[in-house]
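One structure is given below, encoded as structure tokens.
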Amino acid sequence: MADEKTIVTLTLNPCLDISAEVDDLKPDNKLRCRNVRREPGGGGVNVSRAITLLGGRARAVFPAGGGTGKRIDESLKRMGVDSHPVFIERLTRESFAVRELHHGEQYRFAMPGPELKEWQMCLQTVIDFDPPPAYLILSGSLPPGVPENFYAQLARHFADLPTKVILDTSGKPFELALGEQIYLIKPNQQELEQHCDCSLAEEKDQEKLCRELVDKNSCEVLILTLGKNGALLTTRDDQFRAAGIEVDEVSSVGAGDSFVGGMILALQRGWQMRDAFLYGMAAGTAAMLSEGTQLCDKDDTDRFFKILQQRQRG
Numbered sequence: 001m002a003d004e005k006t007i008v009t010l011t012l013n014p015c016l017d018i019s020a021e022v023d024d025l026k027p028d029n030k031l032r033c034r035n036v037r038r039e040p041g042g043g044g045v046n047v048s049r050a051i052t053l054l055g056g057r058a059r060a061v062f063p064a065g066g067g068t069g070k071r072i073d074e075s076l077k078r079m080g081v082d083s084h085p086v087f088i089e090r091l092t093r094e095s096f097a098v099r100e101l102h103h104g105e106q107y108r109f110a111m112p113g114p115e116l117k118e119w120q121m122c123l124q125t126v127i128d129f130d131p132p133p134a135y136l137i138l139s140g141s142l143p144p145g146v147p148e149n150f151y152a153q154l155a156r157h158f159a160d161l162p163t164k165v166i167l168d169t170s171g172k173p174f175e176l177a178l179g180e181q182i183y184l185i186k187p188n189q190q191e192l193e194q195h196c197d198c199s200l201a202e203e204k205d206q207e208k209l210c211r212e213l214v215d216k217n218s219c220e221v222l223i224l225t226l227g228k229n230g231a232l233l234t235t236r237d238d239q240f241r242a243a244g245i246e247v248d249e250v251s252s253v254g255a256g257d258s259f260v261g262g263m264i265l266a267l268q269r270g271w272q273m274r275d276a277f278l279y280g281m282a283a284g285t286a287a288m289l290s291e292g293t294q295l296c297d298k299d300d301t302d303r304f305f306k307i308l309q310q311r312q313r314g
């Protein structure tokens, strides 16, 4: 029997996110950075942080190497996240985002992760949770050394258990995991176009492909995120589109992770699927108002959720 309360996230390629601001990006000049922030990052780590910010609780499993990994672990614990590091030999990576104030543009630099020799320890850590979690969120890229079917292996293990597996990744790991009794996937438009090798510029094409994937049992719930154009929810018996809310975007870092965190937290609390979907959208929108990698503010999320609900009621 699954623990009805537990949400576990797994991040195999975590990072320490460094964000800063500069006036202008100019070649060869020494650029003076301001408002420097260092925060834990990587797909599932961000999802756990978002859930915590929204008043929930999540257990974050991730490989932690060297001083960077230790800093991520300590930061998560200070934030109230139930941190479960798997200590590894090599140094955890860093990533860097800089906002150029003159043009209002943001530049994101993702460093490669270390070769992860200890990936089986990470897999076993998740498998050994007793009771198994109600929700297992597999999020982010796979670092060097990890087999591309890693997510598929985990999903296969939980297929006969009551755990609901959520997958948020792309490329070959995404393709190999489809059909392994995944509960929910959340590709963006570009990722789904890459998967199907087709254009999804038209709404009818988006709706048709999402319906086909769910009907083929690739997953039970498919969330197609469309940036400023909102998102499309597809389940076995429903399809529902919601337009995005226009905001003055500060940073897009972690918006997708906040979406996942908000939606899964709402489902854990017993919300109806459409409301959970809208709460995820609200959390993703709220994250766009935050500097650096601060993710979703609860007050902003609740405010945007009310707006989205009112729109649906007409």
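In this note's numbering, the protein residues as written are 1 to 314. Yeah, the Cβ is synthetic: ideal placement off N, Cα and C, and Gly gets one too. Note that the structure is predicted; figures quoted are calculated from it, not measured.
Cβ-based neighbour list, Leu265, same chain, cut-off 6 Å, excluding 5 preceding and 5 following: Ile51, Leu54, Gly56, listed in sequence order.
Rounded to the nearest angstrom, how far is the Cβ of Ser139 from that of Asp257, given a contact under 8 Å? 7 Å
Candidates Thr285, Ser95, Gly262: closest to Ser48 by CA position: Gly262
Hey, out of Ala243, Cys219, Ile245, Gly292, whose CA is closest to Thr234's CA? Cys219
If you check the beta carbons only, do Phe277 and Ile223 fall under 8 Å apart? yes
Closer than 7 Å: Glu202 CB and nearest the ligand NAD heavy atom: The ligand NAD is absent from the structure shown, which contains no ligands of any kind.
Within a Cβ cutoff of 7 Å, which residues of the same chain sit near Phe338, ignoring the five residues on either side of it in sequence? In the structure displayed, the chain extends from 1 to 314; residue 338 sits before or after that span and is not available.
For Arg71, which residues in the same chain have their Cβ closer than 7 Å to its Cβ, ignoring the five residues on either side in sequence? Leu16
Secondary structure of Leu53, DSSP reduced to three states: The three-state secondary structure of Leu53, taken from DSSP, is helix.
Rank Leu192, Lys228, Gly227, Asp302 by C-alpha distance to the C-alpha of Arg211 and give the top, closest one. Leu192
Rounded C-beta distance between Ala287 and Leu295? I'm assuming under 8 Å. Contact annotation, Ala287 with Leu295: C-beta distance approximately 5 Å; criterion of less than 8 Å satisfied.
Relative to the alpha-carbon of Glu118, which residue among Lys172, Ser75, Arg90 has its alpha-carbon at the smallest distance? Looking at Lys172, Ser75, Arg90, the one whose alpha-carbon comes closest to that of Glu118 is Arg90.
Nonlocal neighbours in the same chain, by C-beta distance under 6 Å from Ile37, ignoring five residues either side: What sits at residue 37 in the sequence shown is Arg, not Ile. These residues qualify, in order along the chain: Ser19, Gly292.
Hey, which unbroken runs of the alpha helix (DSSP H) at 4 residues or more fall wholly within the segment 66 to 126? 66 to 79
Nonlocal neighbours in the same chain, by C-beta distance under 6 Å from Leu25, ignoring five residues either side: Glu100
Pick from Pro85, Ala155, Glu39 that is closest to Cys122, judged by C-alpha positions: Pro85
Rounded to a whole number of angstroms, what is the C-alpha to C-alpha distance between Gln272 and Asn29? 53 Å
As a quick exercise: from Gly179, Gly230, Lys208, Asp215, pick the residue whose alpha carbon is nearest that of Asn188. Gly230
Between which two residues does the beta strand (DSSP E) harbouring Pro40 extend? 34 to 41
Collapsed DSSP secondary structure at Lys181 in the structure displayed: For the record, residue 181 in the displayed sequence is Gln; it is not Lys. Reduced to three states, the DSSP call for Gln181 is coil.
Run through the DSSP bridge pairs and tell me what Leu233 is partnered with. Ile223, Phe240
Ala243, buried or exposed, once every other Cβ within 10 Å from all chains shown has been counted against 16: exposed
Mapping DSSP to helix, strand and coil, what is Val47? helix
Reduced DSSP category for Glu21 - H, G, I as helix; E, B as strand; rest coil: Looking at Glu21 - three-state DSSP - the assignment turns out to be strand.
Does the beta carbon of Ser139 sit closer than 8 Å to a beta carbon anywhere in chain B? The structure shown contains no chain B, having only a single protein chain.
Beta carbon of Pro143, beta carbon of Pro114: below 8 Å? yes
Mind checking whether Ile137 and Ile166 have CB atoms under 8 Å apart? A Cβ-Cβ contact shorter than 8 Å links Ile137 with Ile166.
May I have the straight-line CA-CA distance separating Asp160 from Glu207, to the nearest angstrom? The alpha-carbon separation between Asp160 and Glu207 amounts to approximately 30 Å.
What are the start and end residues of each continuous alpha helix (DSSP H) run of 4 or more residues lying completely inside the segment 238 to 287, in chain order? 255 to 268, 273 to 287
Once DSSP output is grouped into helix, strand and coil, what is the label at Phe62? Phe62 sits in a strand when the DSSP states are folded into three classes.
What's the gap between the Cα of Val146 and the Cα of Arg303? 41 Å
When DSSP labels each residue in this structure, what does Val8 get in the three-state scheme? strand
Quick check on the DSSP output: the alpha helix (DSSP H) that includes Lys208 runs from which residue to which? 203 to 215
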